[in-house]
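Since the structure comes first, as structure tokens, the remarks are kept for the end.
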Amino acid sequence: MAILILVVVMVLVGLLMGAIGSLIWKEKPLGAAGDYAVAVVVAVIVGLTDWFVIPAMGFSEAMKYLGVA
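Residue numbers (the numbering used here): 66 to 134.
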């Protein structure tokens, strides 16, 4: 269940990053939809990587949640 919450939160973070990216760059090569799509994909990949790599490195569960945040 925690992994589903993580993915939902990472999608929301990706949407926020896409919105900020749309505000910064005016001439977007991929358009606004591209900004949102790339930001969501990157946020989910980085979040899942942190979710699995941090415990594999021997850190505690608290550090896993801190790293994902």
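Quick reminder that beta carbons are idealized off the backbone N, C-alpha and C, glycines included.
Just so you know, these numbers come straight off a predicted model, no measurement behind them.
I'd like to check one pair, residue j with residue i: are the Cβ atoms closer than 9 Å?
i    : j    : result
S87  : A102 : no
V105 : V76  : yes
V107 : M82  : yes
G112 : F124 : no
Nearest by alpha-carbon distance to residue i: which of the options is it?
i   : options              : result
I68 : W116, K93, V111, I85 : W116
Going by beta carbon distance, what residues of the same chain come within less than 8 Å of residue i, once the five residues before and after it are set aside?
i    : result
V109 : V72, M75, V76, G79
Looking only at its own chain, which residues have a Cβ that is under 7 Å from the Cβ of residue i, when we skip the five neighbours before and after it?
i   : result
P94 : none
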